[in-house]
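Shown next, in structure tokens, is the structure this report addresses.
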Amino acid sequence: MKANKINILSLDGGGIRGIIPCRIMQFIEEQTQTPISKFFNVIAGTSTGGIITLGLTAENDSGENAFSAIDMKELYLEHGSAIFSGRKGGILSKISPTLFNRPYDNSKIEEILKDRFGNQRLSDATTNVIITTYDIQRGRPFYFSSRLALVNQDEDFAITDVARSTSAAPTFFKPSVLDTEANGEVSFIDGGVFANNPAILAYNDSKELWNEKRITQAPVEQHKGTKGFDPVVSADDDDFPFFMLSIGTGYTKSSIEGTKASKWRNKDWFEPLMTDIFMRGVAESTHFNMQHLLPDYRSGEKRYIRLDMELPQAAAAMDNGLPENVRNLEKIAEKFIEENKDLLLNICNKLTSN
Numbered sequence: 510m511k512a513n514k515i516n517i518l519s520l521d522g523g524g525i526r527g528i529i530p531c532r533i534m535q536f537i538e539e540q541t542q543t544p545i546s547k548f549f550n551v552i553a554g555t556s557t558g559g560i561i562t563l564g565l566t567a568e569n570d571s572g573e574n575a576f577s578a579i580d581m582k583e584l585y586l587e588h589g590s591a592i593f594s595g596r597k598g599g600i601l602s603k604i605s606p607t608l609f610n611r612p613y614d615n616s617k618i619e620e621i622l623k624d625r626f627g628n629q630r631l632s633d634a635t636t637n638v639i640i641t642t643y644d645i646q647r648g649r650p651f652y653f654s655s656r657l658a659l660v661n662q663d664e665d666f667a668i669t670d671v672a673r674s675t676s677a678a679p680t681f682f683k684p685s686v687l688d689t690e691a692n693g694e695v696s697f698i699d700g701g702v703f704a705n706n707p708a709i710l711a712y713n714d715s716k717e718l719w720n721e722k723r724i725t726q727a728p729v730e731q732h733k734g735t736k737g738f739d740p741v742v743s744a745d746d747d748d749f750p751f752f753m754l755s756i757g758t759g760y761t762k763s764s765i766e767g768t769k770a771s772k773w774r775n776k777d778w779f780e781p782l783m784t785d786i787f788m789r790g791v792a793e794s795t796h797f798n799m800q801h802l803l804p805d806y807r808s809g810e811k812r813y814i815r816l817d818m819e820l821p822q823a824a825a826a827m828d829n830g831l832p833e834n835v836r837n838l839e840k841i842a843e844k845f846i847e848e849n850k851d852l853l854l855n856i857c858n859k860l861t862s863n
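Converting from the sequence shown to our numbering requires adding 509 to each position, the first position being numbered 1.
Below is the structure:
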């Protein structure tokens, strides 16, 4: 990788649909015969994308990548049904499961994460990672950063806690409550509530990394307390030599008729807002902005590529971990790979030539 270039990978949230980016990255790893994290200076992930990010950058005892993209794909194939099970309701849940169901049993996902990641910490990541979550006690976004973890022990969280926090989606799992030395007890929920597509956050973190590369003589600042959301931005008009690959988990093109929605009560808005409007709106807005932040070079060479696909309504649920649905999601990803093989091979060439 050239010293004057920064490669960035951004992975969306989407629950069980995380199998889709895993299958796409499996193709890249198979074509290049290289762990995908070796190609990227920064990897950002939200929710299920955060779990995948942590897996792809985890170390084994030899200091190499502990998991490949296919290993992370197997997590969904093997444990999807267990993660999304144990949900209890009541009489009211029979009236409206969306509104009255209780969260899933979070002990199952915690057990799976602990088995997969053991005692690894954020500072052990094989490349720079940034993972999103939201601190509901302080009412602000919070970012887990491996760069900060390397210089500040207060930021060096256990990977299992980071994975649990970024994926604590409201209505699906209970908040992740952590006891920190810097800020005492904090309660985190899924970063998807504000950045289901974390591409802009990855871009911002890459700017910080680029500035550190250029000012190598400057001492590294020891941040006091938990930084979380405090930005460190330097004015710079240079055209950053970045390449970003952003991978989504699929979307559905739902349509809501205004005349129908005008008759809805508050409860009728809950599901479309939570599962479609918020998530897709944030992803599309971020995609729009990234095209302006990283436009093509004058030669036509891409600096930003977004991979995403339309899903049939039957595959849209984020919590359908049934084996049949998981296999169907993998088939959808395989179809996308076949239909976009030239683009994916070009991406592989771009990564291996840097």
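For each residue, glycine too, the CB sits at the ideal point set by N, CA and C. Remember, it's a predicted structure, so these values are computed and weren't measured experimentally.
I think residue i touches residue j, with their Cβ atoms under 8 Å apart; what is that distance to the nearest whole Å?
i	j	result
Ser546	Asn569	Actually they are not in contact, since the Cβ atoms of Ser546 and Asn569 sit about 13 Å apart, beyond 8 Å.
Ile618	Ile592	5 Å
Asp670	Leu687	6 Å
Leu853	Ile537	7 Å
Leu718	Ile515	6 Å
Ala708	Ser519	4 Å
Asn706	Ser755	7 Å
Thr476	Thr635	Not covered by the structure: residue 476. The range shown for the chain is 510 to 863.
Met753	Arg789	With 8 Å as the limit, Met753 and Arg789 do not qualify as a contact, their Cβ atoms being about 20 Å apart.
Glu810	Lys762	Actually they do not touch by this definition, with Cβ atoms about 31 Å apart.
Gly564	Phe576	5 Å
Give me the Cα-Cα distance between residue i and residue j, rounded to the nearest whole angstrom.
i	j	result
Phe625	Val702	Inspection of the sequence shows that residue 625 is occupied by Arg rather than by Phe. Approximately 26 Å between the Cα atoms of the pair.
Ile525	Val660	34 Å
Phe554	Ser590	Checking the sequence, you will find Gly at residue 554 rather than Phe. Between Gly554 and Ser590, the C-alpha separation is close to 22 Å.
Glu833	Thr758	18 Å
Ala460	Val638	Because the chain spans 510 through 863 in this model, residue 460 falls outside it and cannot be assessed.
Lys623	Ser696	19 Å
Glu847	Glu690	49 Å
Asn628	Gly693	21 Å
Ala672	Ile560	5 Å
Leu802	Lys769	38 Å
Asp714	Lys859	22 Å
Arg630	Lys582	22 Å
Gln542	Gln800	30 Å
Ala658	Arg532	29 Å
His588	Val835	10 Å
Phe682	Leu838	22 Å
Thr557	Ile698	13 Å
Ser808	Asp614	52 Å
His732	Ala824	With a pLDDT of 43 at His732, under the threshold of 50, the modelled position of that residue is not reliable, and no figure is offered here.
Lys850	Ile668	34 Å
Asp745	Asn720	Confidence is the limiting factor: at Asp745 the pLDDT is only 44, short of 50, which leaves the residue's position unreliable, though a coordinate-based value still follows. For Asp745 and Asn720, the distance between alpha carbons rounds to 10 Å.
Ile552	Ser771	42 Å
Gly572	Ser632	13 Å
Pro530	Asp663	31 Å
Lys511	Leu831	Its pLDDT being 43, under 50, Lys511 is placed unreliably in this model, and the coordinates cannot settle the point.
Gly734	Gly648	Because the pLDDT of Gly734 is 46, which lies under 50, any placement of that residue in the model is unreliable, and the number read from its coordinates should be weighed accordingly. So the two alpha carbons sit approximately 17 Å from each other.
Leu867	Lys844	Residue 867 lies beyond the range of the chain shown here (510 to 863); nothing can be said about it.
Ile517	Phe751	7 Å
Ala792	Pro804	18 Å
Asn795	Ile814	One point to set straight first is that residue 795 is Thr, not Asn, in the sequence displayed. The straight-line gap from Cα to Cα measures roughly 13 Å.
Gly527	Phe653	20 Å
Asn798	Phe651	21 Å
Met534	Cys857	10 Å
Tyr712	Phe749	10 Å
If you follow the beta strand (DSSP E) that residue i is part of, which residue opens it and which one closes it?
i	result
Asn516	Ile515 to Leu520
Met753	Phe751 to Ile756
Leu816	Tyr813 to Leu816
Phe653	Arg649 to Ser654
Residue range of the alpha helix (DSSP H) that residue i falls in?
i	result
Ala553	Not the alpha helix (DSSP H): Ala553 falls in the beta strand (DSSP E), residues Val551 to Gly554.
Thr669	Ile668 to Thr675
Asn637	Not the alpha helix (DSSP H): Asn637 falls in the beta strand (DSSP E), residues Asn637 to Asp644.
Ala842	Pro832 to Glu848
Tyr585	Ala578 to Ile592
Ser571	Where Ser571 is concerned, there is no enclosing alpha helix (DSSP H), given that its DSSP letter is neither H nor E.
Asn615	Asn615 to Phe626
Gln629	No alpha helix (DSSP H) holds Gln629; DSSP gives it neither H nor E.
Gln535	Ile528 to Thr541
Thr566	Note, Thr566: premise wrong, no alpha helix (DSSP H); not H, not E.
Ala704	Gly701 to Ala704
Looking at the strands, I want to know which residues DSSP matches up with residue i.
i	result
Val695	Leu687
Leu760	Correcting the residue type first, residue 760 is Tyr in the shown sequence and not Leu. DSSP lists Glu819 as partners of Tyr760.
Arg789	For Arg789, which the question treats as bridged, DSSP gives no partner whatsoever.
Do the segment 671 to 679 and the segment 634 to 648 meet, that is, are 3 or more Cβ pairs less than 8 Å apart? Judged by Cβ distances under 8 Å, the segment 671 to 679 makes contact with the segment 634 to 648, as three or more pairs qualify.
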